[in-house]
Amino acid sequence: MKEIFTYSVVKELQTRCFLFLGERESGFQDRILSEEHTYTVIDTKVKSAIADLQTLYRKAYPVSAGEHCKSIDRVFELYTVLQTLSPRAQMINVIGGGALIDLVGYALATSFQDLKMRAIPTTPFSQLYGFYQRSFYIHFDRKINQLSVFGIPHELWIIPFFLKAFAVEDLRKAHVVCFATALGFEERFFYLVERSLSLLIHNQTNWTVFYELLREHHFLRAKCSLEHRLIPGESMGILLQTATGFQMDFVDAFIKGLMLEAYISFKLGIIEESTLEMIRKTLSQIGLEDRLPPQRQVDLQTLFSLIDEKKSIKMQVIKGLGLSQETTVSATIIEHILKEYYFGR
């Protein structure tokens with residue numbers, strides 16, 4: 402276990418980020434079980450992926466996580482659980498993907514501000530993505546991230562051991578957030594992303610390079626997020642996921658969203674065609690799919706309706722490799738460009 406940095410939004414609101422390299426599940430579990438005044442909320446999928454967590458799992462509150470868990474109903478369920486804790490906890494451990502961490506963070510920030518939260522992400526995307534938006538989100542009225550509350554985890558534990566239960570394809574797709582960060586803020590970081598991707602071959606992962614990618618990406622995200630709340634791909638990714646009725650997971654939506662935002666930058670005359678093709682090529686390596694199964698396809702009518710509801714959309718517009726700017730773009734312009742992208746006109 403090694404503390405790699407402290408991320409400060411304001412003096413009173415900080416996240417201490419720890420990276421656990423070479424930490425097996427037994428050591429991580431023993432560390433939590435030895436603490437007093439803590440309580441654990443855990444994703445039920447973690448139990449099936451890592452069998453040796455049974456002792457911790459039996460003492461935790463299990464939640465069937467995924468995007469569907471980010472609802473008002475689940476928030477009120479958590480209120481009830483937290484109110485009945487005896488003895489009163491001081492730290493809540495959240496072990497699961499980004500959706501579960503959002504859910505618990507929202508519940509704590511709205512009604513249990515005295516409790517600290519330790520986020521322990523377990524999926525490739527959530528471990529790389531981190532929690533630098535300074536808010537926790539839940540879905541409402543069938544729209545993604547409609548309700549939010551200010552807050553960040555008190556601690557962030559990055560334990561790469563969890564990732565060994567995932568397929569190489571999942572690790573490859575998670576690289577999209579690193580590519581988006583490189584596109585938006587740091588050209589030099591792109592070469593580490595490219596190197597890590599190139600080593601994901603023959604269903605094998607070079608964990609040494611992946612650990613370096615994890616560490617460097619968190620440093621970069623912590624640095625850039627103090628000035629930039631968005632990263633390229635997020636805005637369109639949220640709209641795309643909503644337009645599929647949450648049938649498309651956020652990783653796939655983010656990949657497609659980044660492609661669409663690059664196309665918007667190209668049509669606005671901000672980036673050259675060569676840059677657009679470089680982005681398309683890299684996203685194809687990561688997992689951009691031209692043809693999706695029917696249940697994960699974007700309902701274009703719903704997508705355009707969502708855009709029509711907005712007068713403008715704020716996005717981190719790509720201006721080149723390592724360069725971007727938060728810009729508010731007219732919804733009418735975005736709709737026109739997307740119709741050209743999908744229908745060729």
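Quick note: the sequence shown uses our numbering, first residue 402, plus one each step.
Note that beta-carbon positions come from the ideal geometry of N, C-alpha and C, so glycine has one too.
Here the structure is a predicted model, which is why all the values come from computation and not from measurement.
Considering only the alpha carbon of each residue, which of ALA575, ALA466, PHE620 and ILE553 lies closest to THR445?
Here the closest residue by C-alpha is ALA466.
Rounded C-beta distance between MET637 and GLY658? I'm assuming under 8 Å.
4 Å
Cβ of ASP571 within 7 Å of any heavy atom in the ligand ADP?
The ligand ADP is absent from the structure shown, which contains no ligand whatsoever.
Along the chain, where does the beta strand (DSSP E) that runs through MET518 open and close?
517-522
Since VAL495 contacts MET518 with CB under 8 Å, what's their CB separation in whole angstroms?
Indeed they touch by this definition, with Cβ atoms about 6 Å apart.
Per the contact definition of three or more C-beta pairs closer than 8 Å, is the region 662-677 in contact with the region 547-565?
Counting Cβ pairs under 8 Å, fewer than three are found: no touch.
Leaving out the 5 sequence neighbours to the left and right, which residues in its chain are closer than 6 Å to LEU677 when beta-carbon positions are compared?
ALA663 and PHE667
Nearest to PRO522 by alpha carbon, out of THR511, PHE562 and SER536?
PHE562
Taking Cβ to Cβ, would you say ASP709 is nearer than 8 Å to GLU736?
yes
Going by CA-CA distance only, name the one from PHE567, MET492, GLU437 and GLN686 that's closest to VAL447.
PHE567
What do you get for ASP503, buried or exposed, if any count of 16 or more other CB atoms within 10 angstroms of its CB means buried?
buried
Identify every residue that forms a DSSP beta bridge with ASP444.
VAL464
May I ask you to report which of helix, strand or coil DSSP gives MET660?
helix
Identify whether TYR480 lies in helix, strand or coil by the three-state DSSP scheme.
helix
Are the CB atoms of LEU598 and GLN528 nearer to each other than 8 Å?
no
Counting only runs that start and end within the region 522-594, where is the beta strand (DSSP E) found for 3 or more residues in a row?
536-541, 544-551 and 556-559
Can you tell me whether THR609 is buried or exposed? The criterion is at least 16 other CB atoms within 10 Å of its CB, across all chains shown.
exposed
Is the CB-CB distance between VAL476 and VAL442 below 8 Å?
no
Please report the distance separating the alpha-carbon of ALA583 from that of VAL730.
Going from the Cα of ALA583 to the Cα of VAL730 covers about 22 Å.
DSSP on LYS471, reduced to helix/strand/coil?
coil
Quick check on THR407: buried or exposed, where buried means 16 or more other Cβ atoms within 10 Å of its Cβ?
exposed
Distance, Cα to Cα, THR683 vs MET716?
21 Å
Hey, would you say GLN547 sits closer than 8 Å to PHE541, going by beta carbons?
yes
Would the beta-carbon of GLU570 fall within 8 Å of that of GLY688?
Cβ atoms of GLU570 and GLY688: closer than 8 Å.
Kindly indicate which residue of PRO633, GLU673 and MET492 has the alpha-carbon position closest to the one of THR728.
PRO633
Does the beta carbon of PRO522 sit closer than 8 Å to a beta carbon anywhere in chain B?
Absent from the structure: chain B. Only one protein chain is present.
With burial defined as no fewer than 16 other Cβ atoms inside 10 Å of the residue's Cβ, what is the status of GLN484: buried or exposed?
exposed
Is ILE671 closer than 8 Å to VAL594 when the C-beta atoms are compared?
no
So what does DSSP say about SER725, is it helix, strand or coil?
strand
Near HIS490, what residues of its chain come up, given a Cβ to Cβ distance below 7 Å and the 5 sequence neighbours on each side ignored?
According to the sequence shown, residue 490 is Ala rather than His. The residues are HIS438, THR439, TYR440 and LEU516.
With a threshold of 7 Å on Cβ separation, who are the neighbours of HIS618 within its own chain once the five nearest residues in sequence on each side are excluded?
LEU529, CYS579 and THR582
Less than 7 Å between C-beta atoms, sequence neighbours within five positions excluded: which residues of the same chain meet that for SER512?
TYR480
In angstroms, rounded to a whole number, what distance separates the CA positions of GLU436 and THR645?
Across the structure, GLU436 and THR645 are spaced so that their CA atoms are roughly 42 Å apart.
Buried or exposed, going by whether 16 or more other CB atoms sit within 10 Å of the CB of PHE532?
Buried.
In chain order, what residues of the same chain lie with their CB nearer than 6 Å to the CB of PRO554, ignoring the 5 residues before and after it?
THR416, MET518, ALA520 and PHE532
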